[in-house]
Amino acid sequence: MMLQYVKSPYWIERRSTRVVRVGDVEIGGSNPLRIQSMTNTDTMDTKATVDQIERLAAAGCEVARVTAPSIRDAENLREIRSELSRRGLRIPLVADIHFTPNAAMIAAECVEKVRINPGNYADKKKFEVRDYNDIEYEAELSRVADRFRPLVKRCRDLGVAMRIGTNHGSLSDRIMNRFGDSPLGMVESALEFLDVCEEESYREVVFSMKASNTHVALQAYRLLAARLAERSPGAPSYPFHLGVTEAGDAEDGRIKSAIGIGGLLEDGLGDTLRVSLTEDPVREIPVARRIADRAMALWPSAGEERGASFGSEFPYQPFEYHRRDTARRLCGQLVVGGEEPVAVELDLGTDLFKSTDWVEACSEVARSLSEVRDVAAESLLIDVSNRSDVARVPEVRRVLDQLELSVPLAVRMQPEFFGEGCELPADATRVVLPVAADCPPSILRAALEAVRQAGRPVEWALEAELSEAESLVRTLLAERPEGTSSEWMFSIQSAHPIQAVRSLAAWLSGGPEGTAPIVLRHSLNEEKALSDAESALIAAAVDLGAPLCDGLGDMISLGLGPIGAGAGLDLAYRILQGARLRTTRTEYISCPSCGRTLFDLEETTARIKAATGHLSGVKIAVMGCIVNGPGEMADADFGYVGSGPGKVNLYAGKQVVARGVPESDATERLVSLIQEQGRWSGEDP
Ligand code: SF4
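Using the working numbering, read the sequence shown as starting at 4 and increasing by one per residue.
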């Protein structure tokens, strides 16, 4: 039987966790989601660090992490704590430890929580390939335990909490050799450390499983939840600290964070979170707040009705990526489903025909789309509300053709139209039929017959509460003409889109439309998109990105609301890239920076972006230091990693190709490296 990481994938139920106290802040249990961040000042600079913590606290940060790369830094945490107290700030502090158990032992006396990284607490990373037999592996484990046990005892005796914070980018060679660079390796790495904690009866532990790759982050947290549940069935488990590390900056950083963190929260996993952006850490707080508030609003209150239950069968693979098997649907020149890339549609809704000058409105759409580099809309969807709209569709087609926009045109029509003798417009490549739970079968039949005769794929857009949608699917399948090769697709609207899409996939599974493609729909809420663009972006990223990471969805259809067609197109492709399904832009994996950072990361990332932003599909990692730097190269084509004051190592794949490059020359050398490796393409910026 598959490991169970949630009670059911079809409704949200918060994972049951014990409460871990971090100073005055409680994490887990029924406490609200806690927001965290990390300083990026020099830890020895007490004033700068305390100033930044004060700004973070004012923005809503509830727990602040500070790096302690040396014993001196760890000792200075005491000064930082005193200065915070002098300013009347009681925010709990977390010491961030990599490589230095000695610093951890001191830090535990100065702060409320210590974060250790199992990949480097007792191991150095040398990228050695070595087979460990069981005896050697056990000996290594016992060496690691001996190194770690004193810290566990000290934290237990002092009442200090601990985060066992695994990073995909810094797994130990020992773990990599045995379990691979994988979610399983991340989980095993953390559990080895938990064994020592439990041997010492120390349970004030929080876990994290961070990765810059959204698939890996989702899978690792889920696998850990399942493994912990297996260790202690029925008991409240250890809380989770959520994060997508090295998410980058700006829109892409927010989108990746929303997909990874938001997706896990909608599984009911997570008790505290940090959004890691390559920006001033204060700017992380509102993003984290929005992601957290959105999830908490979706958590059911006690006694609330749950969605459908399907036992323990999942319609997706929670611990590895597998795209749902679907049939291909020919929508004009666009093929949706099968092995085709997830398609991008812009839902223009009723805007076109509501406009007094719809020809000008078409021109505006074409103009706006032409301004977006490297990507194109693969379908446009318009609402056809009456006979005169039907008559205008060929005109729209003609105008778009004149504007050299040969994109397929889909139409959304109410099924009732067909009962009134209305015909499908000849130029429509696909018809979207919204169906509510109370739609009479006779109307469905008339609509179905009209679409079948026209030979176009139909998308049944289910508009029903989850509790009613299942019987609606059954009604549709019962009306499905026998023996005809149908060209059906489905979408579903719900206040819980992720659970709704999973439910839809489960209802279809094994039936005559078991491989029908699924369209993921999201509309940018008019009011929200204007007043709070960041919330609108986060909602779109979670609703579309999380199912895509589960392999569900063959097309995304984005309702534009008040934003222009070009902006919608750009957002849709950024979400696909964040969900790792279509890479159409340069991908940047950049760390948020911290007190270890050896250069101005924000400025350096901006400079590298300006030089390489046109390299569609190339992945570049920009890392402040070697903690996660070399490990992240597994996911990047090129790397720029701080190696010492003013010095940078450059990577091609996992290989260091230039060491100690002066920072002043490093961007130029990176550009030359990309050119030498034959990855320089497109127009120079
Ligand atoms: S990779 Fe960046 S955030 Fe991580 S420890 Fe190094 S400098 Fe700090």
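Ideal Cβ placement from N, Cα and C applies to all residues, glycine included.
Collapsed DSSP secondary structure at residue i in the structure displayed
i, result
"Trp463", "strand"
"Ala639", "coil"
"Arg257", "helix"
"His101", "coil"
"Val396", "helix"
"Lys213", "strand"
"Met558", "strand"
"Ser235", "coil"
"Val290", "helix"
"Phe322", "coil"
"Leu161", "helix"
"Met41", "strand"
"Val22", "coil"
"Glu1", "An answer regarding residue 1 cannot be provided, because it is not within the stretch 4 to 688 covered by the chain."
"Ala67", "strand"
"Glu452", "helix"
"Pro153", "helix"
"Val697", "The structure shown does not extend to residue 697, since the chain is modelled only from 4 through 688, so no value can be given for it."
"Leu36", "coil"
Alpha-carbon to alpha-carbon, residue j and residue i
i, j, result
"Val664", "Lys650", "5 Å"
"Gly616", "Ile623", "10 Å"
"Arg24", "Met299", "20 Å"
"Gly439", "Glu468", "The residue asked about is misnamed: residue 439 is Ala in this sequence, not Gly. The alpha-carbon atoms of Ala439 and Glu468 are separated by roughly 9 Å."
"Arg332", "Cys552", "22 Å"
"Asp76", "Gln678", "41 Å"
"Asp45", "Gly598", "5 Å"
"Glu689", "Pro318", "Because the chain here runs from 4 to 688, residue 689 falls outside it and cannot be looked at."
"Val209", "Ala669", "38 Å"
"Glu202", "Glu65", "30 Å"
"Val163", "Pro242", "15 Å"
"Leu272", "Val402", "49 Å"
"Glu490", "Arg610", "49 Å"
"Ser173", "Phe420", "59 Å"
"Thr432", "Gly554", "25 Å"
"Leu351", "Thr42", "43 Å"
"Glu29", "Tyr135", "41 Å"
"Glu195", "Pro12", "28 Å"
"Glu374", "Met47", "48 Å"
"Ala539", "Leu36", "20 Å"
"Arg682", "Leu618", "8 Å"
"Asp378", "Gly571", "Note that residue 378 is Val in the sequence shown, not Asp. About 12 Å."
"Asp160", "Ser73", "23 Å"
"Leu465", "Arg577", "26 Å"
"Lys50", "Leu80", "12 Å"
Beta-carbon proximity list for residue i, same chain, < 6 Å, skipping 5 on both sides
i, result
"Glu381", "Leu337, Ala346, Val347"
"Ala364", "Leu355, Ser358"
"Val545", "Ala261, Gly265"
Bridge partners - residue i, DSSP secondary structure assignment
i, result
"Arg331", "Paired residue(s): none; Arg331 is not in a bridge."
"Trp491", "Val461"
"Asp386", "Arg415"
"Asn180", "In DSSP, Asn180 forms no bridge with anything."
"His218", "Its beta-bridge partners do not exist; DSSP assigns none."
"Gly645", "Val651"
"Tyr591", "Ile623"
"Leu349", "Leu383, Leu561"
"Leu540", "In the DSSP output, where bridge partners are listed per residue, Leu540 has none listed."
"His244", "Thr275"
"His525", "Leu561"
"Ile167", "Ile119, Phe210"
Nonlocal neighbours in the same chain, by C-beta distance under 7 Å from residue i, ignoring five residues either side
i, result
"Pro515", "Leu480, Arg483"
"Leu221", "Gly263, Gly266, Leu267, Cys552"
"Thr586", "Gln580, Gly620"
"Pro418", "Leu436, Val438, Cys442, Ile446, Leu447, Ala450"
"Lys10", "Glu16"
"Arg583", "Asn216, Thr217, His218"
"Met189", "Thr169, His171, Leu174, Met212, Ala223"
Top-ranked residue by Cα proximity to residue i, from the options
i, options, result
"Gly569", "Ser366, Leu451, Ala549", "Ser366"
"Arg150", "Arg133, Pro121, Tyr591, Trp463", "Pro121"
"Leu226", "Asp160, Pro321, Ile288, Arg234", "Pro321"
"Val285", "Thr353, Val435, Ile56, Ser474", "Ile56"
"Ala223", "Leu80, Arg206, Leu540, Ser185", "Ser185"
"Asp54", "Asp27, Glu78, Ile83, Pro72", "Ile83"
"Asp640", "Asn631, Thr478, Ala655", "Ala655"
"Ala238", "Ala613, Gly32, Arg505, Val368", "Gly32"
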